[in-house]
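So the structure is just underneath, and the comments pick up after that.
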Amino acid sequence: MWSVILFYPTRFSFLIGLVIGSVSVGLLAQDTLPKQENKRGFRVFHHNGTDREYLLHLPKNLPKKAPLVVFLHGYHGDARDYAEMGMTRVADHNKFAVVYPQGLPDRRGIPHWNARLKLSKVDDIGFLKELVESLQKHHALDPKRTFVSGVSNGGVMSYTMVSEHPDQFRAAASIIGTVSGETWRKREEMRPVPILQISGLSDRIVPVDGRMSPAGGWGGAPDQKTIIEFFKKLNQTRTEEVVKVSPRTTGYRYRGGVNGNEAWLYEVKDWGHRVPGKKELGVHSVDLVWDFFSRY
């Protein structure tokens with residue numbers, strides 16, 4: 006059985022939905038390189054004079070030049086919870102590395118990702134960029150097959166990372182997230198990049214109509230249809246496939262773009278700010294994310 010765990014932060018927070026699998030997730034894979042771990046069980050990465058935390062899973066018998074997936078928690082989130090969301094299972098089956106970074110507190114003390122927001126001055130963009138470069142180097146991971154995905158605020162950050170560093174991230178997948186206002190404002194600077202967006206049509210925290218509260222810099226992006234139309238044109242897609250996944254869910258796959266790029270949008274009717282599960286998507290959300298990434 007799969008269950009939905011809801012976190013209810015304060016007024017302008019994201020409501021984070023997690024789908025947690027009933028099958029227990031094994032201990033994070035060990036590697037031969039020296040590592041630092043703190044009392045919370047996180048590995049430590051030094052960036053700008055600050056100890057940043059992350060979890061790393063390396064499947065057994067991981068080949069050289071394996072892909073890397075960066076999976077980002079939502080606002081008010083904990084990377085340890087997201088490490089049990091199922092991406093580790095998918096990594097073991099498909100032989101890729103997955104890293105779960107931990108965000109720092111914003112001005113209100115809530116763990117977050119600063120996707121050019123106004124909640125803090127934390128350099129999360131620099132942290133994630135340097136962390137990825139270090140992991141690629143020390144674990145012989147493929148720099149041409151590094152991907153970024155996340156839930157809610159993590160999805161917002163995924164758009165920002167792939168927009169500002171397309172040479173480092175091959176594709177992005179946002180689960181119940183959207184583009185930050187600042188990233189959208191600079192959209193003309195973006196280069197073609199594959200995008201997957203999963204949205205609940207009844208989401209009141211990240212509304213698909215674009216009417217998100219501007220508090221803290223969250224709002225500013227348009228409705229979801231306008232966003233996906235932008236990425237269709239950016240990627241120069243030529244064909245459209247409409248997939249009726251379930252009674253609630255319809256998938257729109259725009260294909261045939263430059264460099265083989267695609268843009269996917271999955272919409273779930275009568276669904277709020279929660280991660281859709283297998284019943285809604287036909288597969289677990291993390292499996293859909295990897296299905297998308299594995300094409301590149």
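First residue of the sequence shown: 6, per this note's numbering; consecutive thereafter. Cβ coordinates follow ideal geometry from the N, Cα and C atoms, glycine included. Since the structure is predicted, the reported quantities are computational estimates derived from the model, not experimental observations.
* If you follow the beta strand (DSSP E) that Lys-249 is part of, which residue opens it and which one closes it? -> 244-249
* May I have the straight-line CA-CA distance separating Lys-284 from Gly-54, to the nearest angstrom? => 45 Å
* To do: Would you kindly work out how many angstroms separate the C-alpha atoms of Asp-36 and Asp-86, rounded to a whole number?
  => Because Asp-36 carries a pLDDT of 42, less than 50, the predicted location of this residue cannot be relied on, and the following value inherits that uncertainty. Asp-36 and Asp-86: Cα-Cα distance of roughly 22 Å.
* **Extent of the continuous alpha helix (DSSP H) run through Ser-207** => Run containing Ser-207: none; DSSP gives neither H nor E here.
* Asked: Is there contact here, the region 136-145 with the region 238-257, by at least three beta-carbon pairs under 8 Å?
  -> no
* Asked: Just to confirm, are Val-213 and Lys-230 a CB contact at a threshold of 9 Å?
  -> yes
* To do: Check whether the region 188-202 touches the region 162-169, counting contact only when three or more Cβ pairs, one atom from each stretch, lie closer than 8 Å.
  => yes
* Under 7 Å Cβ to Cβ from Asp-292, same chain only, skipping five residues before and after it: list those, please. => Val-95
* To do: Compare the Cα-Cα distances from Gly-108 to each of Thr-93, Ile-130 and His-62 and report the closest residue.
  => Ile-130
* To do: Quick one: using the 10 Å Cβ neighbour count with 16 as the cut-off for buried, is Gly-46 buried or exposed?
  => exposed
* To do: Sort Val-184, Lys-149 and Ala-102 by Cα distance to Arg-121 and report the nearest one.
  => Val-184
* Asked: What span of residues does the beta strand (DSSP E) with Phe-76 cover, start to end?
  -> 71-77
* Quick one: give me the first and last residue of the alpha helix (DSSP H) that Thr-93 is part of. => 92-99
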